[in-house]
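I have placed the structure first, in the form of structure tokens, so that the comments after it can refer back to it.
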């Protein structure tokens, strides 16, 4: 990841929610990095739908509502890249819904999927068949957590 | 500033449809798109506002929050998969 060539990233819907709830946490650092052009975030319709629907299931104590989510999505329009008609190229063997994060990454040539989802992280496990198969199919894609991406952005900025 | 640009016919058709759906004349709709595209993002702390302030005071850890959000996402997906109707 160099200053002249920002990494292309697909964020899990939870990265957006977590940034909204915890503005000093690693997910917020990732989003701030995206706002400042350190990375290029790509958003598909499916991801957007999960971002929108998530408040229905988030514990009320966190205070996330439709209005705050819509404000976040509106802001995304100023720095994220929205992708339409993402072709299906991969079906996650454990959680097919996770495929919707792989597909836009492939379609946009993203190098990074940022998530805490254990099923997506399992795709990086070279001791398991699922990880070896994924690596063979999509060697350029890395699944990393928000902490790792935030640290990469920090290092990239020389902080 | 007034500018004139050339775009493919199919893009023009899409733009006209979207402008109509938004209830705006085409020039106003395109102007809105360009304005949005060049707007500066809002800092996350500002977007977060009271939600973030409440979280920072709550003592809830980042790990607990992450676990709660993962659970919420999988509940959402399970609910979506549930057959509707009878």
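Protein chains in written order, with my numbering: chain Y, 1 to 159; chain F, 1001 to 1086. All residues carry an ideal CB built from backbone N, CA and C; glycine is no exception.
Same chain, Cβ closer than 7 angstroms to residue i, neighbours up to 5 away in sequence not counted
i, result
"residue 126 of chain Y", "132, 135"
"residue 28 of chain Y", "19, 22"
"residue 1026 of chain F", "1015, 1016, 1019"
"residue 148 of chain Y", "none"
Residue(s) in a DSSP beta bridge with residue i
i, result
"residue 1036 of chain F", "Answer is none; residue 1036 of chain F lacks a bridge partner."
"residue 81 of chain Y", "Y/42"
"residue 11 of chain Y", "Y/114"
"residue 143 of chain Y", "Y/113"
Interface residues of chain F facing residue i [CB-CB closer than 8 angstroms]
i, result
"residue 60 of chain Y", "Per Cβ cutoff of 8 angstroms: no residues; residue 60 of chain Y is ~11 angstroms from chain F at best."
"residue 31 of chain Y", "1044"
"residue 64 of chain Y", "1051"
Closer than 7 angstroms at the beta carbon, the chain F residues around residue i
i, result
"residue 19 of chain Y", "1044"
"residue 71 of chain Y", "1047"
"residue 114 of chain Y", "Result: empty, since nearest Cβ-Cβ is about 12 angstroms, beyond 7 angstroms."
"residue 57 of chain Y", "1072, 1075, 1076"
"residue 28 of chain Y", "1044"
"residue 25 of chain Y", "1062"
"residue 53 of chain Y", "1076"
"residue 97 of chain Y", "1077"
Residues near residue i by beta carbon distance below 8 angstroms, same chain, minus five either side
i, result
"residue 173 of chain Y", "With chain Y covering 1 to 159 only, the question about residue 173 of chain Y has no answer from this structure."
"residue 2 of chain Y", "Because the pLDDT at residue 2 of chain Y is just 47, under 50, the model does not fix this residue reliably, and the value given afterwards should be weighed accordingly. Excluding positions up to five away in sequence, the list reads 156."
"residue 1091 of chain F", "No answer is possible for residue 1091 of chain F: it lies beyond the span of chain F, which begins at 1001 and ends at 1086."
Contacts of residue i in chain Y (Cβ-Cβ under 8 angstroms)
i, result
"residue 1087 of chain F", "The structure shown does not extend to residue 1087 of chain F, since chain F spans only 1001 to 1086, so no value can be given for it."
"residue 1036 of chain F", "77, 78"
"residue 1015 of chain F", "Simply none; closest approach about 14 angstroms."
Closer than 7 angstroms at the beta carbon, the chain Y residues around residue i
i, result
"residue 1041 of chain F", "35, 75, 78, 79"
"residue 1054 of chain F", "63"
"residue 1066 of chain F", "18, 116"
"residue 1026 of chain F", "None at all; the shortest Cβ gap to chain Y is about 19 angstroms."
CB of residue i within 8 angstroms of CB of residue j, strictly
i, j, result
"residue 62 of chain Y", "residue 1055 of chain F", "yes"
"residue 38 of chain Y", "residue 117 of chain Y", "no"
"residue 1076 of chain F", "residue 57 of chain Y", "yes"
"residue 50 of chain Y", "residue 1082 of chain F", "no"
"residue 161 of chain Y", "residue 8 of chain Y", "Nothing about residue 161 of chain Y can be reported from this structure: the residues present for chain Y run from 1 to 159 only."
"residue 64 of chain Y", "residue 55 of chain Y", "yes"
"residue 90 of chain Y", "residue 31 of chain Y", "no"
"residue 1035 of chain F", "residue 77 of chain Y", "no"
"residue 1070 of chain F", "residue 25 of chain Y", "no"
"residue 1042 of chain F", "residue 75 of chain Y", "yes"
"residue 108 of chain Y", "residue 146 of chain Y", "no"
"residue 59 of chain Y", "residue 1067 of chain F", "no"
Cβ shell of residue i (< 6 angstroms), same chain only, five flanking positions each side left out
i, result
"residue 119 of chain Y", "94, 95, 98"
"residue 150 of chain Y", "26, 29, 30"
"residue 154 of chain Y", "none"
Contacts that residue i makes with chain F (C-beta to C-beta distance below 9 angstroms)
i, result
"residue 50 of chain Y", "1073, 1076, 1077"
For the stretch 30-42 of chain Y against the stretch 101-115 of chain Y, are there 3 or more C-beta pairs whose distance is under 8 angstroms?
yes
Does the stretch 1034-1050 of chain F come into contact with the stretch 62-81 of chain Y, if we say contact requires no fewer than three beta-carbon pairs (one atom in each stretch) closer than 8 angstroms?
yes
Is it the case that the stretch 135-148 of chain Y contacts the stretch 1004-1018 of chain F, given that we only count it when at least three CB pairs across the two stretches are under 8 angstroms?
no
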